[in-house]
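Report on the structure given below.
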Amino acid sequence: MDDVAASLWKCTQCVRSQKRLAALSVARGAPRRALTNTPPLYTRAEKPNGNETAGEEKEQGALSRRLVEMAEETIDTGSRGDRKLMQDMAFSDDLKKQLEERIAQASFKAENQQALSQTSAPSYAGRGTREQAAAPIWTGTESVQDASLRLLDDSFKKLRSPATAPRIAQKISLRPQPKVKVSPANRLASARDKTSIYAFSQQNDMTEEERENMRKELKERFTPGARPMPATMQGLASLANERIEDAIARGQFRNIKRGKGVNTQRDYNANSPFLDTTEYFMNKIIQKQEIVPPWIEKQQELVKMVHSFRARLRSDWRRHAARMMAAGGGTVDEQVRRAKGYALAEEMVNPRQSTKSTITGISSDGTLTDITVEERIAVRVMDDVTEDERPEVEITVTETRTEEAQTSAGSPVVHVETRPSATALSPKSASHILPMPHPFRDAAWERAENAYQTLAISELNSFTRSYNLMAPKIAQKPYYSLDRELKRCFADVAHSLPDEILERSRKPVVKISVIGHKQGGVMEKFGAGDWKGHQAERIRDEGDGKQYSFKEFFRDLFRKNERARQTA
């Protein structure tokens, strides 16, 4: 069998080595005999006959043994095509019998795998291992018995804590324990603590109620039953009964409502098997403590930054545009009419937009609500109207409940949508004032303010980017553009320019004070001579008769010396 397998199965490496050796032997040729006619030593050995070679068994190499093993494995575990190929080969009868026996044995093991696994199980195998070995083989379909068992198992809620096996109760010694010996150092430390308690009770900053409570506590320590330390279960029970009786005597149980469900608040969501209890209780704690996520705080900061930037941009442009229109000359009425014409042109080219904001938040009962704030501005060019007639601003606030599918947001979210306003100009205004050929712009002002505006927009976008990284997908905000902000600014400010020009014209003229000619320097002309200092009201000069200077000091000093000489 080994010779046949070795002759049938040869790897490419062996074939190459044999070809190389054959080529070397042909190139070497027969040995040359130069000086002697005797044959070489290696040819003197007698060659074995063919009959002897057939009877002897050659030694099998490692490669041949490996090829045989591979052939056997192919026969045992190969596919039907491999087995058919091996059967079609010209094997001997003995080899075919061995192969058939092995194939039959392998098929028998495959058919009776369950019984063989039970019989081959070791004696020390547990019950679970034996039941697993005796279980039927999985065929890909679930049986009716297994499906019923799984449904029954899933119908009951699993225990939250793992079941613990009962433990053996430890023996409790009811004998009194010996008194613990305390060192002198510990006694001194405790004595200091006791004295500090008494000193603390005698402080002046304590109220009368606190002192009375401290006195009661100190008095209770010296009562006969103060701080009992029972060493037995009966002693603990008697101590509890004594405390309960004292509470009943004080009347603490007198006005307690009794009955089923009294003084209890049941939370049905906490026992729901469909909610994660940890997450539910954490949300309850956050709602009670009014804690907001960090991205909510960042959202508020972003809204403040955007509001301040837009307010400054509008105030700067309103002031500059009013000055430029007033610098064009003419009376106040002509300036106002010019501003109204620019407002009409702005309304045609760049109409104003109404802002609609939707704020999504969680109400007190836990439902998700949408609060929509819509601002509608009625634009009218003022012409021969009273001061009471102003552009009307209508703000509509509506609150609706969202579907339960959107509850994953779980936090306040702001969405801003803009749309052109459908306000029309009055026919009276349009008949008297014609729009300008183009809206009012100033390229010099835009170039001067471009550096600041670009930097502010970049800061807003960087802050928005950091906010979007923290916020959920539904709460993210778009980035800001300088062109879009300028267009909104021009549209919002254009209708208020006539009022701004009128307000600037009605301001009182600043009066320039004229200072007359006075003697003295420049500072005296501006009132420096009248100024007495910032502490003029506190510091008062003494009277002329009460002044005491160095002159009086030396006079008194020399008088004392003269008197001393006279007495001497």
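Numbers in our numbering are just positions in the sequence shown, counted from 1, shifted up by 321.
Glycine is no exception: its CB is placed at the ideal position from the N, C-alpha and C atoms.
Keep in mind that this is a model prediction, so the values were computed, not measured.
Just how far apart, CA to CA, sit residue i and residue j?
| i | j | result |
| --- | --- | --- |
| E541 | R564 | 14 Å |
| F879 | D526 | 59 Å |
| Q435 | S464 | 18 Å |
| A772 | I778 | 10 Å |
| K872 | T888 | 25 Å |
| A632 | I754 | 29 Å |
| D475 | S469 | 10 Å |
| M554 | D567 | 20 Å |
| R827 | H628 | 29 Å |
| S817 | L823 | 10 Å |
| L807 | L634 | 8 Å |
| T775 | A769 | 11 Å |
| R711 | L781 | Unreliable positioning characterises R711 in this predicted model, as indicated by a pLDDT of 47, which lies under 50. The coordinate reading is nonetheless provided below. Taking the straight line joining both Cα atoms gives about 33 Å. |
| A765 | I612 | 49 Å |
| P741 | F477 | In this prediction, P741 scores a pLDDT of 43, lower than 50, which makes its location untrustworthy; no coordinate-derived value is stated. |
| N534 | Q491 | 41 Å |
| S752 | A643 | Residue placement at S752 cannot be trusted, given a pLDDT of 49 that sits under 50; the coordinates are not used to answer. |
| R496 | R579 | 41 Å |
| A486 | K605 | 34 Å |
| K479 | I795 | 35 Å |
| I607 | F574 | 35 Å |
| Q426 | G461 | 27 Å |
| Y800 | Y663 | 30 Å |
| I424 | V389 | 16 Å |
| S870 | R884 | 22 Å |
| K414 | E422 | According to the sequence displayed, residue 414 carries Asp and not Lys. One C-alpha to the other measures close to 12 Å. |
| D654 | E821 | 13 Å |
| I493 | S511 | 30 Å |
| K537 | N562 | 22 Å |
| E377 | K417 | Low per-residue confidence applies at E377: pLDDT is 45, beneath 50, and the placement is therefore not dependable, though the value from the model is reported in the following sentence. The straight-line gap from Cα to Cα measures roughly 23 Å. |
| P499 | N507 | 18 Å |
| D467 | W459 | 12 Å |
| T440 | K430 | 12 Å |
| L803 | C810 | 10 Å |
My assumption, with CB atoms under 8 Å, is that residue i sits in contact with residue j. Please give the rounded CB distance.
| i | j | result |
| --- | --- | --- |
| L623 | F784 | 6 Å |
| W638 | V814 | 5 Å |
| P760 | N671 | 7 Å |
| M645 | A660 | No, M645 and A660 are not in contact; Cβ-Cβ is about 10 Å, not under 8 Å. |
| Y601 | N590 | 6 Å |
| R451 | A442 | 6 Å |
| Q620 | Y788 | 6 Å |
| V657 | P819 | 5 Å |
Does DSSP put residue i in a helix, in a strand, or in coil?
| i | result |
| --- | --- |
| L755 | coil |
| K872 | helix |
| S385 | helix |
| D526 | coil |
| L509 | helix |
| P615 | helix |
| Q924 | Given that the chain is displayed from residue 322 to residue 889, the structure contains no residue 924 and the question cannot be resolved. |
| R788 | The sequence given here has Tyr at residue 788, not Arg. In the structure shown, Y788 sits in a helix (DSSP, three-state: H, G or I). |
| G651 | coil |
| L776 | helix |
| H816 | coil |
| Q555 | helix |
| N562 | helix |
| Y601 | helix |
| H736 | Confidence at H736 is low in this model, with a pLDDT of 43, below 50, so the placement of that residue is unreliable and no value is reported for it. |
| V503 | coil |
| L596 | coil |
| L315 | Nothing can be reported for residue 315, as the shown portion of the chain is limited to 322 through 889. |
| F429 | helix |
| Y663 | helix |
| Q339 | helix |
| A568 | helix |
| K581 | coil |
| G447 | coil |
| Y589 | helix |
| T811 | The residue you asked about is not Thr; residue 811 is Phe in the sequence shown. It is helical. |
Does the beta carbon of residue i sit closer than 9 Å to a beta carbon anywhere in chain C?
| i | result |
| --- | --- |
| L388 | Judged by its chain identifiers, the structure shown contains no chain C, having just a single protein chain. |
Any chance the CB of residue i is under 8 Å from a heavy atom of the ligand FAD?
| i | result |
| --- | --- |
| T462 | For the ligand FAD, the structure offers nothing, since it holds no ligand at all. |
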